[in-house]
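Asker: Structure in structure tokens, see below.
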């Protein structure tokens with residue numbers, strides 16, 4: 001496949017590198033010091049599944065410099081979604097797929113509006129990958145899973161081609177027949193983990209061990225479930241209980257990328273997580289006081305540390 005990676009961060013860098021090593025033609029779009037490092041030193045991945053160092057690659061800050069592709073792997077920060085979507089228009093043929101592995105639900109609403117629904121696949125990823133330094137990606141464990149699919153559930157040639165490309169590249173991948181539900185299933189846990197670890201400024205262990213913070217975490221996730229159900233997504237009414245059972249299985253030191261961003265004084269994605277839940281709930285008439293508390297309190301830090 002011919003693939004463009006829009007946003008060569010932890011997720012885009014890791015999966016793009018694996019696809020390139022698997023024999024696919026991958027071009028990377030990045031900017032600033034990361035782009036310079038890619039062009040001068042290539043792309044490195046440090047992983048328990050095996051290290052990679054791609055020394056011959058195509059990297060640019062302007063997608064218009066590239067030829068049209070079969071698929072765009074879209075992985076920019078949520079606040080850059082609109083501008084980045086506009087930038088990738090030159091990469092699209094009539095059958096080109098764009099699959100976002102960003103956090104949240106609103107990502108695909110934005111992509112459909114700017115690029116047209118015919119180009120957009122739904123997708124979620126499960127990985128702990130971060131930029132250790134420019135052009136160096138650290139993969140923390142062996143989890144590297146992609147789930148994607150057409151929103152109408154049809155298994156199209158472009159979906160099957162991407163699935164085959166992933167498997168040829170050693171990636172754990174599957175096609176979901178109900179990708180909207182799959183995205184919301186991840187969103188329930190993501191909103192809970194990101195919001196509560198950030199608000200409490202601690203990892204999941206102390207939160208789940210304290211009865212009051214545990215109850216708050218459950219309420220945050222249950223509100224997301226109610227918004228999903230009111231939106232027509234068929235999540236079970238007790239899905240928050242299922243996610244709390246999952247919370248009890250994860251490492252007590254687990255936090256969230258938003259928690260780490262808060263600690264570092266970086267910009268936060270809260271407006272696209274708990275904030276998006278609140279916005280959708282308001283339009284649907286669903287009460288979401290726990291998510292509103294997260295969105296309102298963290299809005300103080302949403303733009304990062306002030307000079």
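In the numbering used here, the protein residues as written are 1 to 307. Idealized CB from N, CA, C, for every residue including glycine.
#1: Since residue 1 contacts residue 70 with CB under 8 Å, what's their CB separation in whole angstroms?
#2: I think residue 28 touches residue 5, with their Cβ atoms under 8 Å apart; what is that distance to the nearest whole Å?
#3: Ordered along the chain, which non-local residues of its own chain (more than five positions away) have a Cβ less than 6 Å from that of residue 195?
#4: Tell me whether residue 116 is buried or exposed, calling it buried when 16 or more other Cβ atoms sit within 10 Å of its Cβ.
#5: Have a look at the DSSP bridge pairing and note the partners of residue 196.
#6: Using 8 Å as the threshold, is the C-beta distance between residue 188 and residue 151 below it?
#7: For residue 183, collect the residues of the same chain with a Cβ closer than 7 Å to its Cβ; drop the 5 residues on either side in sequence, then sort them by chain order.
#8: Using 8 Å as the Cβ pair cut-off and three pairs as the minimum, do the region 255-263 and the region 231-247 touch?
#9: Would you call the CB atoms of residue 158 and residue 85 closer than 8 Å?
#10: Let me know if residue 197 comes out buried or exposed under the rule of 16 or more other beta-carbons within 10 Å of its beta-carbon.
#11: Roughly how many angstroms separate the alpha carbons of residue 200 and residue 207, rounded to a whole number?
#12: When you compare the CB positions of residue 8 and residue 54, do they come within less than 8 Å of one another, or not?
#13: State the start and end residues of the unbroken alpha helix (DSSP H) segment that holds residue 218.
#14: How far does the alpha helix (DSSP H) with residue 240 in it reach, from first residue to last?
#15: Entirely within the region 98-134 and at least 4 residues each: give me those alpha helix (DSSP H) ranges in chain order.
#16: If you compare alpha carbons, which of 266, 292, 91 and 268 is closest to residue 278?
#17: Since residue 144 sits in a beta bridge, which residues does DSSP pair it with?
#18: For residue 173, tell me which candidate among 34, 82, 144 and 24 has the shortest Cα-Cα distance.
#19: Assuming contact is defined by CB atoms lying nearer than 8 Å, are residue 21 and residue 52 in contact in what I supplied?
#20: If you measure between the beta carbons of residue 223 and residue 78, is that distance less than 8 Å?
#21: Under 8 Å, do residue 99 and residue 148 count as touching if we go by C-beta distance?
#22: Using a Cβ-Cβ cutoff of less than 7 Å, which residues in the same chain neighbour residue 216 once the five nearest sequence positions on both sides are dropped?
#23: Pop quiz: residue 171 and residue 256 are said to be a contact at Cβ under 8 Å. What is the actual Cβ separation, rounded to whole angstroms?
#24: Grab the span of the beta strand (DSSP E) containing residue 172 for me, first residue to last.
#25: Have a look at 265, 298 and 228 and flag the residue whose alpha-carbon is nearest the alpha-carbon of residue 282.
#26: Using 8 Å for Cβ pairs, my map puts residue 3 next to residue 24. What's the rounded Cβ distance?
Answerer: The relevant details are as follows:
#1: 5 Å
#2: 5 Å
#3: 220, 274 and 294
#4: exposed
#5: DSSP lists no partner for residue 196.
#6: no
#7: 105, 122 and 124
#8: no
#9: no
#10: buried
#11: 8 Å
#12: no
#13: 211-230
#14: 239-247
#15: 106-115
#16: 292
#17: 127
#18: 144
#19: yes
#20: no
#21: yes
#22: 196 and 290
#23: That belief does not hold up - the Cβ atoms of residue 171 and residue 256 are roughly 23 Å apart, past 8 Å.
#24: 172-175
#25: 228
#26: 6 Å
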